[in-house]
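Below, the structure is given as structure tokens:
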């Protein structure tokens with residue numbers, strides 16, 4: 008089964024993660040059921056307060072380079088992941104991935120639910136991560152309208168450094184950086200969006216904002232243009248994640 012053909016094959020995605028989890032010495036478990044589909048979590052099994060890295064993908068099921076990119080990166084860096092404390096969510100919206108849908112079966116956008124805790128998967132993650140202070144949290148996404156790669160970096164309360172630009176530089180070896188001054192209605196510079204807390208979506212709190220507010224020291228959301236070749240988008244996601252993890256954890 009080729010990459011494009013398997014991009015929305017959730018059982019095959021989890022089958023690959025099971026093999027990889029064994030290779031890395033990580034625990035994989037079903038932590039919730041959403042829309043009749045099991046949701047899985049990989050972890051080091053250590054106390055959550057010691058966890059350094061939080062990674063997630065697939066909260067929008069029509070963004071397959073996120074789920075494939077996360078797996079490809081982990082497969083490439085399995086030795087690293089066997090040595091650090093991690094928490095990984097390979098696909099937060101399994102039904103959406105199977106149906107190529109941004110939303111859940113009920114029509115919800117799970118990336119606007121992190122202040123509500125009404126959905127099984129999100130409420131479980133909120134509880135699981137109590138007491139966590141991740142050094143790095145990354146959510147892998149895609150954008151149908153993007154002209155290139157870009158990222159969100161929620162404000163940390165300190166003066167921004169060059170890491171966001173370095174992450175995009177790494178990804179630009181595969182896909183150009185989106186140069187628009189406004190992306191998704193927000194001001195951007197060099198493909199970097201740093202949304203003010205006052206400008207959060209009215210529909211509800213995104214995952215990244217939740218993480219930055221109470222769970223992580225640094226949070227990023229990577230975006231690849233979903234009209235590009237899937238294989239290239241995956242390469243860009245891997246390159247960006249490589250740079251972020253290397254810079255902050257090693």
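Residue numbers (this note's numbering): 8 to 257.
For each residue, glycine too, the CB sits at the ideal point set by N, CA and C.
Anticipated Cβ contact below 8 angstroms, residue i with residue j, distance rounded
i	j	result
residue 176	residue 240	That belief does not hold up - the Cβ atoms of residue 176 and residue 240 are roughly 17 angstroms apart, past 8 angstroms.
residue 99	residue 46	7 angstroms
residue 66	residue 118	5 angstroms
residue 80	residue 248	5 angstroms
residue 222	residue 174	The pair is not a contact, with the Cβ atoms about 20 angstroms apart (cut-off 8 angstroms).
residue 74	residue 104	6 angstroms
Which listed residue (the options) has its alpha carbon closest to that of residue i
i	options	result
residue 193	179, 161, 17, 178	161
residue 146	154, 220, 159	159
residue 168	228, 210, 255, 116	255
residue 225	215, 233, 20, 232	215
residue 38	56, 130, 76	130
residue 166	134, 180, 201	201
residue 90	207, 51, 197, 68	51
residue 31	85, 97, 19	85
residue 133	96, 112, 101, 257	96
residue 41	24, 208, 112, 78	112
residue 235	71, 77, 203, 108	71
residue 108	17, 227, 257, 35	17
residue 92	62, 53, 110	53
residue 5	22, 116, 229	In the structure as shown, the chain begins at 8 and stops at 257. Residue 5 is therefore absent and cannot be evaluated.
residue 210	115, 62, 76	115
residue 231	62, 204, 76	76
residue 227	257, 181, 233, 62	62
Beta-carbon proximity of residue i to residue j, cut-off 8 angstroms
i	j	result
residue 83	residue 245	yes
residue 94	residue 252	no
residue 60	residue 141	yes
residue 139	residue 55	yes
residue 14	residue 237	yes
residue 185	residue 157	yes
residue 199	residue 243	no
residue 219	residue 163	yes
residue 102	residue 124	no
residue 33	residue 78	no
residue 25	residue 35	yes
Same chain only: Cβ atoms within 6 angstroms of residue i, ignoring 5 sequence neighbours per side
i	result
residue 8	Since pLDDT at residue 8 reaches only 45, below the 50 mark, its modelled position is unreliable, and the value read off the structure follows with that caveat. Cβ within range, chain order: n/a, list empty.
residue 269	Because the chain spans 8 through 257 in this model, residue 269 falls outside it and cannot be assessed.
residue 11	237
residue 28	35, 49
residue 233	149, 151
residue 44	101, 102
residue 217	121
Proximal residues to residue i (C-beta, below 8 angstroms), its chain only, five neighbours per side dropped
i	result
residue 187	154, 195
Same chain, Cβ closer than 7 angstroms to residue i, five either side skipped, listed in chain order
i	result
residue 106	68
residue 208	119
residue 181	239, 242, 243, 246
Contact with chain C by residue i, beta-carbon distance below 8 angstroms
i	result
residue 152	The displayed structure is made up of one protein chain only, and chain C is not part of it.
Practice task
Please specify which runs of the alpha helix (DSSP H), each continuous and at least 4 residues long, are wholly inside the stretch 138-207, giving them in chain order.
Solution key: 170-178
Problem - Minimum length 3: unbroken beta strand (DSSP E) runs contained in the stretch 29-99 - result: 34-41, 44-50, 60-64, 93-96
Practice task
Taking only runs that begin and end inside the stretch 216-249, name each unbroken beta strand (DSSP E) of 3 or more residues, in chain order.
Solution key: Within the stretch 216-249, the complete beta strand (DSSP E) segments at least 3 residues long are 226-232, listed from N- to C-terminus.
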